[in-house]
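Below you'll find the structure, written out as structure tokens, and then a few comments.
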Amino acid sequence: VLSMTYTEALFCALTVWALVGLLQRQWVLAGACTLAAGLVRPTATTLIAAVGLAALVAVIQRRDGWRPWVGGILAPCGVLGYLAYVALATGQLDGWSRIQRAGWSSYLDGGASTAEFMRDALAGGSEVYDLAIVLALAASVVLLVVAIRVRLPWPLGVLAGGATAIC
65 VLSMTYTEAL
75 FCALTVWALV
85 GLLQRQWVLA
95 GACTLAAGLV
105 RPTATTLIAA
115 VGLAALVAVI
125 QRRDGWRPWV
135 GGILAPCGVL
145 GYLAYVALAT
155 GQLDGWSRIQ
165 RAGWSSYLDG
175 GASTAEFMRD
185 ALAGGSEVYD
195 LAIVLALAAS
205 VVLLVVAIRV
215 RLPWPLGVLA
225 GGATAIC
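Here the sequence shown is numbered in the working numbering, starting from 65 and rising by one per residue.
Here it is in structure tokens:
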């Protein structure tokens, strides 16, 4: 999949480099990579949360001077720019939500559709692919718990928790 012309490979690379910047307190790198990740995929919101919260903590603790300010300000600009572009292109402020619903029947429902999918996959079990997705979701939750227990840096937990929640 990562060799196909989809956005996943670029998004993963930008996310990794944003996290490298974040963990090494290279705030401008973290913010710039998060900005670019937001232009690639709007699911960068979890990365924005991780970088933004870490930058806020650095600002409150008065660490690293002006750099956390820049990283924190840069981080959401990609997603905001993308959403603004879609709003202009569609002529509707909620253009992205409308496109997601119309094109992919995807919308925020508090996890109801995911729970229904998991129930149907486990009850019917006719498709190996569906069962693999259920196992991957379960593994994501288990790995999140493991990450918290082994005390990975909290911004990684924010990213992992957010990514698990939006599944």
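Glycine included, every Cβ here is placed at the ideal spot set by N, Cα and C.
- Task: Starting from the N-terminal side, write out each stretch of the alpha helix (DSSP H) that is 4 residues or longer and does not extend beyond the region 138 to 204.
- Result: DSSP runs (the alpha helix (DSSP H)) wholly in the region 138 to 204: 141 to 154, 159 to 168, 176 to 188.
- Message: Pop quiz: G85 and L138 are said to be a contact at Cβ under 8 Å. What is the actual Cβ separation, rounded to whole angstroms?
- Response: Contact flag wrong, Cβ pair sits at about 11 Å.
- Message: Comparing C-alpha positions only, which one of L223, V192, Y193 sits nearest to L207?
- Response: A check of alpha carbon separations from L207 across L223, V192, Y193 identifies L223 as the nearest.
- Roughly how many whole angstroms lie between the Cα atoms of A77 and T71? Taking the straight line from one Cα to the other gives about 10 Å.
- Message: Determine whether the beta carbon atoms of V104 and L147 lie at a separation below 9 Å.
- Response: Contact flag unset, no.
- For P219, does the three-state DSSP call read helix, strand or coil? DSSP, read as helix, strand or coil, puts P219 in helix.
- Query: Between the region 110 to 130 and the region 152 to 171, are three or more C-beta pairs nearer than 8 Å?
  - Reply: No contact exists between the region 110 to 130 and the region 152 to 171.
- Query: Can you round the beta-carbon distance between V80 and R131 to whole angstroms, since I take them to be within the 8 Å contact cut?
  - Reply: Between V80 and R131 a beta carbon distance of about 20 Å is seen, past the 8 Å cut, so the two are scored as non-contacting.
- Between the CA atoms of L186 and L157 - distance to the nearest angstrom: Distance from the CA of L157 to the CA of L186, rounded to the nearest whole angstrom, comes to 38 Å.
- Task: Go ahead and pull the three-state DSSP assignment for R213.
- Result: Note: R213 maps to helix in three-state DSSP.
- Is it right to say G175 is buried, meaning 16 or more other beta carbons lie within 10 angstroms of its own, or is it exposed? With fewer than 16 other CB atoms across the displayed protein chains lying within 10 angstroms of its CB, G175 is exposed.
- Message: Just verifying my parser: in three-state terms, what is the DSSP assignment at T69?
- Response: The three-state secondary structure of T69, taken from DSSP, is coil.
- Please report the residue range of the alpha helix (DSSP H) in which W91 lies. Here the alpha helix (DSSP H) through W91 covers 91 to 104.
- Pick from A196, W133, V198, G221: whose alpha carbon is nearest that of L45? Residue 45 falls outside the range modelled here, since the chain spans only 65 to 231, and no answer is possible.
- Can you tell me the Cα-Cα spacing of F181 and S161, whole angstroms? C-alpha of F181 to C-alpha of S161: approximately 21 Å in a straight line.
- Contact belief for A101 with G142 at Cβ below 8 Å, rounded distance in angstroms: The C-beta separation of A101 from G142 comes to about 6 Å, placing the pair in contact by the 8 Å criterion.
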